[in-house]
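Engineer: Residue numbers for the sequence shown follow full-length UniProt numbering, so the first one is 1 and each next one is one higher.
All C-beta atoms in this analysis are idealised placements derived from N, C-alpha and C, irrespective of residue type, glycine included.
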Amino acid sequence: MVTEHNADEPSTRSEKQARERERLAWEDEERRRKIEERRKAEQERLEAERRALYTELEGIDFDLLALNEYPTDYEVESARRSRVIWFIGLGGAVFLFLASLLSLVGPWLGGIAGGIAFVLWLTHGSGMLSLFPSLTLYTELIAKRKKLKRELIEYIRNIEGRQGFIHRIYPLARYNARLGARKFRRLALMSKEHTLLSNLRTLQDTANYHEYLVEALKGYQELLQQEKEDAFVESMDFDPDLLSDEDAARLRQVSSAEEEEAAKPDPTLFVTEDEHSPTAQDDSADKDQEIR
């Protein structure tokens, strides 16, 4: 009995070890399965967030980002020039009016200058603004510029939020290669590092930001178009690979025909230049007649 008990101990121990190995293998497989499930769930969550960000592109105010109502330098300079001319005219008229009071110029000239000064002064009032808009337009244009800049920066701040925006939609570069430009990569990096707003100092910087979002919207539209095309192909009864196979077979037939045509010898290579001449052809015809 002792001998049988001792003989059963190795088999029992091996069975326990086998069960332990199976348990460890099962636990390892379960752990890998859970890791894979968590990874897939994380990918789905990120994809859903990214899709939500892509959808937000359609609701962006591109008119504000483009600064369509922003006064140009030409408009500001024209208004400033008109304002300077107005001040010069008013100053000259007042000077002539005061000079007429001191009898330095004729009273008739002083009266005319006084009337002109009075009219010019009236044009500066709000009541005459509709008749002479360029006289007070300069200050309005400057104020409008400051207002639009302030609204633009505030709007970009709302778009970016705390986590940044444009760096999270950068995967759209797969559908629009123009997003891979260096200036766009720089903007995406600044958005990720939360330094974008501090680097938007010039109008060119804001124009690049607007262009980035425009190209991103084009990439999103291309993504939607590809999804529609894929859904259409999947709804058909034929294999989409057949189309490419037929095209490849057609190309092979064309190339093989061209190779066969190229492999044929050129008959003109074995004919001398004399044989091509009309005299040689006539001589050969005469010889044929003599032989006959």
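Decide yes or no for the touch test of the segment 158–168 against the segment 180–198: beta carbon pairs closer than 8 Å, at least 3 of them.
Structural biologist: In short, these stretches touch, since the Cβ pair count reaches three.
Engineer: So, with DSSP's three-state summary, where would you put glycine 111?
Structural biologist: helix
Engineer: Can you tell which of Glu15, Leu57, Leu24 has the C-alpha that lies nearest to the C-alpha of glutamine 221?
Structural biologist: Considering only alpha carbons, the answer is Leu57.
Engineer: What residues in its chain sit with their C-beta under 8 Å from that of valine 76, if we drop five residues either side in the sequence?
Structural biologist: Tyr138, Leu141, Ile142, Arg145
Engineer: When DSSP labels each residue in this structure, what does glycine 59 get in the three-state scheme?
Structural biologist: helix
Engineer: Going residue by residue through the segment 196–227, where are the continuous alpha helix (DSSP H) segments of at least 4 residues, counting only ones entirely within it?
Structural biologist: Annotation note: the segment 196–227 contains the following uninterrupted alpha helix (DSSP H) runs of length 4 or greater, listed N- to C-terminal: 196–199.
Engineer: If I measure Cβ to Cβ from leucine 269 and keep anything under 6 Å in the same chain, skipping five residues before and after, which residues do I get?
Structural biologist: Any reading at leucine 269 needs caution, since the residue's pLDDT is 43, under 50, leaving its predicted position unreliable; the model's value is listed next. Counting only Cβ-Cβ distances below 6 Å, and skipping sequence neighbours, we find nothing.
Engineer: Between the C-alpha atoms of leucine 129 and alanine 207, what's the straight-line distance to the nearest angstrom?
Structural biologist: Because leucine 129 sits at a pLDDT of 48, beneath the cut-off of 50, its placement in the model cannot be relied upon, and the following sentence gives the value as read from the coordinates. About 33 Å.
Engineer: Less than 7 Å between C-beta atoms, sequence neighbours within five positions excluded: which residues of the same chain meet that for lysine 192?
Structural biologist: Gly164, His167
Engineer: Could you check the C-alpha separation between leucine 90 and isoleucine 116 for me, to the nearest Å?
Structural biologist: 8 Å
Engineer: Keeping to the same chain, check which residues put their C-beta closer than 8 Å to that of glutamine 226; ignore five residues upstream and five downstream.
Structural biologist: When the five nearest sequence neighbours on each side are left out, the beta carbons in the same chain lying within less than 8 Å of the beta carbon of glutamine 226 are those of Tyr175, in order along the chain.
Engineer: Reducing DSSP to helix, strand and coil, say where serine 11 ends up.
Structural biologist: It is helical.
Engineer: Buried or exposed, going by whether 16 or more other CB atoms sit within 10 Å of the CB of glutamate 153?
Structural biologist: The residue asked about is misnamed: residue 153 is isoleucine in this sequence, not glutamate. Burial check for isoleucine 153: the Cβ neighbour count within 10 Å stays below 16, so the residue is exposed.
Engineer: On a CA-only basis, which of Leu223, Tyr155, Leu224 is nearest leucine 196? Give me that one, please.
Structural biologist: Tyr155
Engineer: To the nearest angstrom, how far is it from the Cα of arginine 178 to the Cα of isoleucine 85?
Structural biologist: Arginine 178 and isoleucine 85: Cα-Cα distance of roughly 48 Å.
Engineer: Buried or exposed for leucine 172, please, with buried defined as at least 16 other CB atoms from any protein chain shown within 10 angstroms of its CB.
Structural biologist: buried
Engineer: Going by C-alpha to C-alpha distance, which of Lys183, Leu67, Leu213 sits closest to asparagine 199?
Structural biologist: Lys183
Engineer: Using DSSP with H/G/I as helix, E/B as strand and the rest coil, what is tyrosine 74?
Structural biologist: helix
Engineer: Under 9 Å between the Cβ atoms of phenylalanine 62 and valine 214?
Structural biologist: Yes, Cβ-Cβ distance for phenylalanine 62 and valine 214 is below 9 Å.
Engineer: So, with DSSP's three-state summary, where would you put isoleucine 166?
Structural biologist: coil
Engineer: Out of Ile35, Gly106, Leu64, Ser11, which has the shortest C-alpha to C-alpha gap to tyrosine 209?
Structural biologist: Leu64
Engineer: Have a look at alanine 59 and leucine 53 and give me their C-alpha separation to the nearest angstrom.
Structural biologist: A small correction: the amino acid at residue 59 is glycine; alanine does not occupy that position in the sequence shown. If you take the alpha carbons of glycine 59 and leucine 53, they lie about 10 Å apart.
Engineer: Which two residues bound the contiguous alpha helix (DSSP H) that contains asparagine 68?
Structural biologist: That residue, asparagine 68, is in no alpha helix (DSSP H); it is neither H nor E in DSSP.
Engineer: Expressed to the nearest angstrom, what Euclidean distance is found between the alpha-carbon atoms of arginine 19 and alanine 25?
Structural biologist: 10 Å
Engineer: To the nearest angstrom, how far is it from the Cα of leucine 223 to the Cα of leucine 46?
Structural biologist: Straight-line Cα distance between these residues: approximately 17 Å.
Engineer: Under three-state DSSP, which class holds tyrosine 155?
Structural biologist: helix
Engineer: Taking C-beta to C-beta, are glycine 92 and leucine 101 nearer than 9 Å?
Structural biologist: no
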